[in-house]
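Just add 129 to wherever you are in the sequence shown, counting from 1, and you've got the working numbering.
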Amino acid sequence: MITKKKHFMVLLIIILYILVTNNLNPVQYCSSVLPREIWSEDSIAHLYTETTSTTSARVGAGGGEVLYGLIKETDLPWFNNPPLDLRDLRTRYDADNFITAFRTTLPTPFLDEAHNVTTAANYLCGNVLLPGKVFSLNKAIGPRTVSRGFKEGPLYVNGQVNSTIGGGICKVATTIYNLAIHGDLRLVERHPHSMPVPYAPPGRDATVLWGSKDLRFVNDKEQPVILWASVEDNTLYAALYGNYDPPLIEWCFEELGEIPTWTIRRKNSQLYTGEKRFIPGVPGLTVKTWINIKYREHPPSRRYLGVDHYRPLPNYLEVGTK
Numbered sequence: 130m131i132t133k134k135k136h137f138m139v140l141l142i143i144i145l146y147i148l149v150t151n152n153l154n155p156v157q158y159c160s161s162v163l164p165r166e167i168w169s170e171d172s173i174a175h176l177y178t179e180t181t182s183t184t185s186a187r188v189g190a191g192g193g194e195v196l197y198g199l200i201k202e203t204d205l206p207w208f209n210n211p212p213l214d215l216r217d218l219r220t221r222y223d224a225d226n227f228i229t230a231f232r233t234t235l236p237t238p239f240l241d242e243a244h245n246v247t248t249a250a251n252y253l254c255g256n257v258l259l260p261g262k263v264f265s266l267n268k269a270i271g272p273r274t275v276s277r278g279f280k281e282g283p284l285y286v287n288g289q290v291n292s293t294i295g296g297g298i299c300k301v302a303t304t305i306y307n308l309a310i311h312g313d314l315r316l317v318e319r320h321p322h323s324m325p326v327p328y329a330p331p332g333r334d335a336t337v338l339w340g341s342k343d344l345r346f347v348n349d350k351e352q353p354v355i356l357w358a359s360v361e362d363n364t365l366y367a368a369l370y371g372n373y374d375p376p377l378i379e380w381c382f383e384e385l386g387e388i389p390t391w392t393i394r395r396k397n398s399q400l401y402t403g404e405k406r407f408i409p410g411v412p413g414l415t416v417k418t419w420i421n422i423k424y425r426e427h428p429p430s431r432r433y434l435g436v437d438h439y440r441p442l443p444n445y446l447e448v449g450t451k
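Structural data, given as structure tokens:
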């Protein structure tokens, strides 16, 4: 006998199916820097203590300053005064060429997120990728423990932000992921977030979790590659040095579907009775990502990076009870 609960579950599945299939209108766009503008509201702002300001393209949410991207060698904070260790490594491994550099700005560092990103950058700094070897971000950074210098930082869990030791390392993972792609290093393992993030577009983010999720890529060049990283003014800078010329990378995205968000009404004891506050959510999204690769002396090629699914985040309507 079918119970009312089972009837409700069947109906819910049918509704969700209709919502998804009605939004399966593929949209493709390519860009070397940013995809087209889609979102404008600061819809992930409630995950932080302040309003998140980010690019007007589909970078999680928001509109304003671009928080990520390629930079020139001259824009690296250590360019004018290279550390002695970096100079020694470049000499030892004949890393004459600047390959590429990428930066990610922390929009509003939560808890000790900035400290954790800086600590992780220090562990990454000076890593040498020998030819044929696989680089593991988890192994390079190591366990995120208090004894190794990490503190409380944000962790995305079930659509909410919790605190954990070493939280915030995903900004590092996202930066290194983009760095590896632009450095033409072959990807071995990468995991997207379960929901959109405010500092990178869908398809260009990466998350790591000690013991389960890693970011890995292989140095398929004939020469060693040096990784250098540093944090200045809440911005993570990372660069690759070697002895080859990287190709031009063009990121391309195809939107396979979108799931609309919904609104949850909840009480807020910090607001006065009659006072309301609306916190916008984020639609869910399925995105296929690939890159077009343009070499100087070889025919162009295309490399698929996968299909990522991002869950929607609800709107919140808070009602005061104070």
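Where a beta carbon is used, it is the ideal one built from N, C-alpha and C, also for glycine. Just so you know, these numbers come straight off a predicted model, no measurement behind them.
| Asked | Found |
| --- | --- |
| Simplified DSSP state of R277, which is helix, strand or coil | helix |
| Residues that DSSP places opposite I378 in a beta bridge | I422 |
| Proximity below 8 Å, CB of D334 to CB of T364 | no |
| Boundaries of the beta strand (DSSP E) in which Y445 is found, first to last residue | N444 to G449 |
| Limits of the unbroken beta strand (DSSP E) element including K405 | K405 to I408 |
| Where the beta strand (DSSP E) containing C226 begins and where it ends | Reading off the sequence, residue 226 comes out as Asn, not Cys. Its beta strand (DSSP E) spans residues N226 to T234. |
| Straight-line gap, N372 to F231 (C-alpha atoms, nearest Å) | 18 Å |
| A358: first and last residue of the uninterrupted beta strand (DSSP E) it sits in | V354 to E361 |
| Residue interval of the beta strand (DSSP E) (run including N307) | Counting along the chain, N307 falls outside any beta strand (DSSP E), though it belongs to the alpha helix (DSSP H) covering C299 to H311. |
| Assigned secondary structure, R319 (DSSP; H/G/I helix, E/B strand, else coil) | coil |
| Alpha carbon of T184 to alpha carbon of L196, nearest angstrom | Any reading at T184 must be qualified, since the residue scores a pLDDT of 28, below 50, and its modelled position is unreliable; the value itself is stated next. Taking the straight line from one Cα to the other gives about 7 Å. |
| Beta-carbon proximity check, K300 vs T233, cutoff 8 Å | yes |
| H427, DSSP secondary structure in three states | coil |
| Extent of the continuous beta strand (DSSP E) run through K525 | For residue 525 there is no data in the structure shown, the boundaries of the chain being 130 and 451. |
| Closest by C-alpha distance to V436, when choosing among G386, Q399 and P212 | G386 |
| Three-state secondary structure assigned by DSSP to R221 | helix |
| Inter-residue CB distance, Y252 and I228 (contact presumed, cutoff 8 Å) | Rounded, the Cβ-Cβ distance is 20 Å, inconsistent with contact. |
| Rounded distance between the beta-carbons of I422 and L434, thought under 8 Å | About 12 Å; that fails the 8 Å criterion. |
| Closest Cα partner of T415 within the set K405, S430 and F382 | F382 |
| Terminal residues of the beta strand (DSSP E) in which V347 lies | R345 to V347 |
| P376 vs L258 beta-carbon contact at 8 Å | no |
| V246, DSSP secondary structure in three states | helix |
| Cβ neighbour criterion (16 or more within 10 Å) applied to T79 | In this structure the chain extends from 130 to 451, so residue 79 is not present and cannot be described. |
| Chain-order list of residues whose beta-carbon lies under 7 Å from that of E404 (same chain, five-residue window excluded) | G449 |
| Simplified DSSP assignment, three categories, for R216 | helix |
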